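Novice:
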Amino acid sequence: MKLPDDYYASFTTTDDALVLAAASSPAEVELLDEWLAAQRHDNPDVEVDVLQLPVDGEPSPGVLAKLVEELEADEDRTVVPVRVFWVPAGLPTRSKVVALISGRDTYRPPEILQRRILKRDRTRARVIAGEPAKVSELRQQWHDHTVAENPRDFAHFVVRRAVLAIERVEYRLLGPEYKSPRLVKPEILASTKFRAGLEKIPGATVDEAGKMLDELATGWSRVSVDLIPNLSRLIVKRGFDTNIDYDHTEIARLRSDLENHPAVLLFSHRSYLDGGVVPVAMQENRLPPVHMFAGINLSFGFMGPLLRRSGVIFIRRNVAGDPLYKYVLKEYVGYVVQKRFNLSWSIEGTRSRTGKMLPPKLGLLAYVADAYLAGRSDDILLQPVSISFDQLHEISEYADYARGGEKTPEGLSWLYNYIKAQGERSYGKIYVRFPEAVSMRQYLGEPGGPIATDESAKRLAMQKMAFEVAWRILQVTPINATALVSGLLLTTRGVALTLDQLHHTLQDGLDYLMRKDKPLTNSALRLRTPEGVQAAVDALSNGHPVTKVDSGREPVWYIAADDEHEAAFYRNTLIHAFLETSIVELALGYAARADGDPLEAFWTQAARLRDLLKFDFYFADSAAFREHVVEEMSWRADWESQVAAGGERIDALLREKRPLMAGAMLRPFFEAYEILASALRDAPADIEEKDLIKRAMGLGRQYVAQDRVRSNESVSALLFSTARQVAADQHLLESGPDLEVRRTAFCEELGGILADMDKVDRYAREQFMAREAERHRAKTGRAAVNRPAG
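Quick note: the sequence shown uses UniProt numbering, first residue 1, plus one each step.
1) Only counting the same chain, and skipping five residues up and downstream in sequence, which positions put a Cβ closer than 7 Å to that of D761?
2) For Q52 and L64, I'd like the C-alpha separation in whole angstroms.
3) Just mark E631 as buried or exposed, buried being the case when its beta carbon has 16 or more other beta carbons within 10 Å.
4) Could you have a look at F625 and say whether DSSP puts it in helix, strand or coil?
5) Would you call G428 buried or exposed, if buried means 16 or more other Cβ atoms sit within 10 Å of its Cβ?
6) Ends of the beta strand (DSSP E) at Y512?
7) When burial is assigned at 16 or more other CB atoms within 10 Å of the CB, is S735 buried or exposed?
8) According to the Cβ coordinates, are S386 and D274 closer than 8 Å?
9) Where R459 and D651 are concerned, what is the direct C-alpha to C-alpha distance, given to the nearest angstrom?
10) With distance defined between alpha-carbon atoms, name the residue in E250, Q338, E28 and F85 nearest to E112.
11) Taking only the alpha-carbon atoms, compute the straight-line gap between E199 and E627 and give it to the nearest angstrom.
12) Give the DSSP bridge partners of M292, in chain order.
13) Could you check where the beta strand (DSSP E) with I430 kicks off and where it finishes?
14) Should A567 and M462 be called a contact, given that it needs their Cβ atoms to be closer than 8 Å?
15) State whether the region 746-761 contacts the region 665-682, with contact taken as three or more CB pairs (one from each stretch) at a distance under 8 Å.
16) Hey, could you find the ends of the beta strand (DSSP E) D45 is sitting in?
17) Going by beta-carbon coordinates alone, are A437 and Q383 separated by less than 8 Å?
18) For V336, write down the residues that DSSP places opposite it in a beta bridge.
19) Under three-state DSSP, which class holds I117?
20) Restricting to Cα atoms, I'd like to know which of E30, R108, T492 and H731 is closest to D56.
21) What are the start and end residues of the beta strand (DSSP E) that includes A22?
22) Quick check: the Cα distance between D508 and P659, rounded to an integer number of angstroms?
23) Apart from the five residues just before and just after I693, which ones in its own chain have a Cβ nearer than 6 Å to its Cβ?
24) Taking 7 Å as the limit between beta carbons, can you name the residues of its chain near I117, skipping five residues before and five after?
25) Mark E455 as exposed unless 16 or more other C-beta atoms lie within 10 angstroms of its C-beta, in which case mark it buried.
26) Counting Cβ pairs closer than 8 Å, one from the region 320-335 and one from the region 573-592, do we hit at least three?
27) So, does the CB of S622 fall closer than 8 Å to a CB anywhere in chain C?
28) Residues in its own chain within less than 6 Å of V147 by CB, not counting five upstream and five downstream?
29) Count the other C-beta atoms from every protein chain shown that fall within 10 angstroms of the C-beta of V549, then say buried if there are 16 or more, exposed otherwise.
30) Suppose the cutoff is 6 Å on Cβ atoms and the five residues either side in sequence are ignored; what does the same chain contact list for L18 look like?
31) To the nearest angstrom, report how far apart I101 and M303 are at their CA atoms.
32) Quick one: grab the DSSP three-state call for K356.
33) Under the DSSP definition of a beta bridge, which residues are partnered with W471?
34) In whole angstroms, what is the alpha-carbon distance linking D214 and V533?
35) Taking C-beta to C-beta, are D45 and V135 nearer than 8 Å?
36) Pull up the DSSP beta-bridge partners for P384, would you.
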């Protein structure tokens, strides 16, 4: 059963060697015997001893005792791990599913089939050898990195090193996408550093820590690398275009980065699909797999074992009072990045059920930073990942949350219904972007540097780092037609628009986005044509969330009041692109009515609006924000003198500005702030968040009924949650002698901002009517020219 010569491992023994031969069957033993015979034939003066080990699991006590004896015999002897590598062949999907759930390795054919395979195709098996090492070198590593308690522990250490050496060879043969951590639990538990930290935790034991590591344990089996992304692809792409939209320049840069440094892929999170999109994207582009953190609430039914074998690390939600769990999790993260494996999770705090990204929190990122500062890697890259969708079926669920509904618990029935709903219709395309990575070294300095012992400086640097990741995600997220059409139709308050009206009104916004070089999807670019607009509104029709009326002279489209929350989700995905220009408009409105220096009032109000909106949106730092405002006004060279002139000159500036976006983008947020501020006016100083939001929901429904607010979307438990943060930041949730006065003043301030917005909306409406009149005149003129002479 001799294999072709070029399938032998390149290693040849030149020194006395102890070969640790992993074999699981008589066929594999014969292959290894032939390899050893070839080694002895080529090197007759070299003594080669062999110890057979199991392919999986721990060696038996007898084998372990023999290994101890062999290791004690000669410190200068070379240890060579070898085993048979079976070149994978295609397997039916059913076999892969069974193997994955059962934990069986289909890359190692069953013993009963091995001889048949070799008879049919001898190249399917290859004897490979891992990197050899002297016994003395291994013993030194053992003393340096583990507790090094007894010779049996050293034997276990050598077995682990042999397995890892063979795995590295197999990864090179299979490709980087098959790389996954192995033997994590024994490696961590044996670590000197881990044991030292464990001793500092009162009552902590190695056994208890081991159970926690079992809970965290994950890895990509080879069959799961083949199968899970394909299964994920079936779910993720159910209802979507089969081709995910990538930027292949970004993919090339990411591939190069991952070859040089471990990375944490931090993705935007608007859908449950996001966690499935990442592994699909990595496999489709032949990138190394990621090991993804997920809440332990998702470990239900068969999903737990399935996902654990597919790179998912389940973590507990509330661990504030469990120092041992936090320590074990921190060490687990450190070990994974030290071994240059890649982690992934949705950047914490940014989970969005309103469509826009929320400000990031540190969370797990702190553990990664600790690993870097402890010197476990010379750099760790934080790779932003933008995931966006033309449409999502989940928006109806998000709208229910906005109306005060409760979250549905995850479970098998929930999963079934989710997948079923995903296939009910077409939801367009999925877009994945990988902007330039953020370097931990750049923000935290060198490992072990001063920042490692300065907690406040470290926290500030980490906050800046997390913000930069989120900022980069926003800047590369492409704006789609769904968002632009939804944003426009929400401004009409239920009034339907014709195709021509939609097309012409969208052009100012598209002009602005292209001037600012914002990323646009093909669907957004097609809005330049009436056909592209029709395709976009038809895709959103039938309550998704646009209603089409086509029973008259020409079709018209509008958003019904009950669908406003759904449409707002899509509109909110693009607000960041129009945020600063919207603030400029409101600052101009304020400057026109302010006492004193209008130019100073403009700048003061722009800064104030930025401060009020900081819990809902991302902003550049103060200096950069000021530069951006100047850039927004650069369409008029003499804008400062016009603003300084005040009053009507500022109003003239506003009338000239294209587009006017403040009402379309920011009205729901300021109305939500104003509703909550009104609810606060006669509320107790220490009112609980839940009670305050309930009170705001009731008052908001009243205001909608009275037409005191423009739309239902402003009455949102999700918006009121951040509105409460705004109120707290204004110290309106603290007791004080003048609390009622300050609450009233804040409510009046918001009323003034909404009055400025009314003015901007009025001017925008004037622009729309002027454009309609011009189009009517042009149409009438063409008709007169074409009318036959009387």
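Glycine included, every Cβ here is placed at the ideal spot set by N, Cα and C.
Predicted model, so just to flag it, every value in this text is computed and none were measured.
Specialist: This is what the structure holds:
1) Once the five neighbours on either side are set aside, the close Cβ partners of D761 are G663.
2) Taking the CA atoms as reference points, Q52 sits about 10 Å from L64.
3) Looking at its Cβ environment, which holds fewer than 16 other Cβ atoms inside 10 Å, E631 is exposed.
4) DSSP places F625 in helix when its eight states are reduced to three.
5) G428 should be labelled buried.
6) Going by DSSP, Y512 is part of no beta strand (DSSP E) but of the alpha helix (DSSP H) stretching over L499 to R515.
7) Here S735 is exposed, its C-beta having fewer than 16 other C-beta atoms within 10 Å.
8) Not a contact, by the Cβ cut-off of 8 Å.
9) Cα to Cα, R459 sits roughly 45 Å from D651.
10) It is worth fixing the name first, because residue 112 is Ile in this sequence and not Glu. Of the candidates E250, Q338, E28 and F85, E28 places its Cα closest to the Cα of I112.
11) When rounded, the distance between both Cα atoms is 53 Å.
12) Answer is V312 and S344.
13) Following the DSSP letters along the chain, one finds I430 inside the beta strand (DSSP E) bounded by residues I430 to R433.
14) A distance of 8 Å or more separates the beta carbons of A567 and M462.
15) Under the Cβ criterion (8 Å, minimum of three pairs), the region 746-761 counts as touching the region 665-682.
16) For D45, there is no enclosing beta strand (DSSP E), as DSSP gives it neither H nor E.
17) Yes, they are a contact pair.
18) Paired residue(s): none; V336 is not in a bridge.
19) DSSP, read as helix, strand or coil, puts I117 in helix.
20) Here the closest residue by C-alpha is R108.
21) Segment A17 to A22, the beta strand (DSSP E) holding A22.
22) Straight-line Cα distance between these residues: approximately 5 Å.
23) A717 and F720.
24) P109 and R124.
25) Classification for E455: exposed.
26) Taking 8 Å as the limit for Cβ pairs, the verdict is that the region 573-592 does not touch the region 320-335.
27) This model lacks chain C altogether; it includes just one protein chain.
28) Within the same chain, Cβ atoms closer than 6 Å to the Cβ of V147 are found at T192 and R195, the five residues on either side in sequence being excluded.
29) Counting Cβ neighbours within 10 Å, V549 comes out exposed, since fewer than 16 surround it.
30) If we look at L18 and ignore the five residues flanking it on each side, its Cβ neighbours are D49, E70, R77 and V79.
31) Only weak support exists for where I101 lies, its pLDDT of 43 falling under 50; the value from the coordinates is given anyway. Spanning the two alpha carbons is a distance of roughly 9 Å.
32) Assigned with DSSP and collapsed to three states, K356 falls in coil, not helix or strand.
33) Partner(s): none; W471 has no beta bridge.
34) The straight-line gap separating the alpha-carbon atoms of D214 and V533 is approximately 54 Å.
35) Their beta carbons are not under 8 Å apart, which means D45 does not touch V135 by this criterion.
36) In DSSP, P384 forms a bridge with L266.
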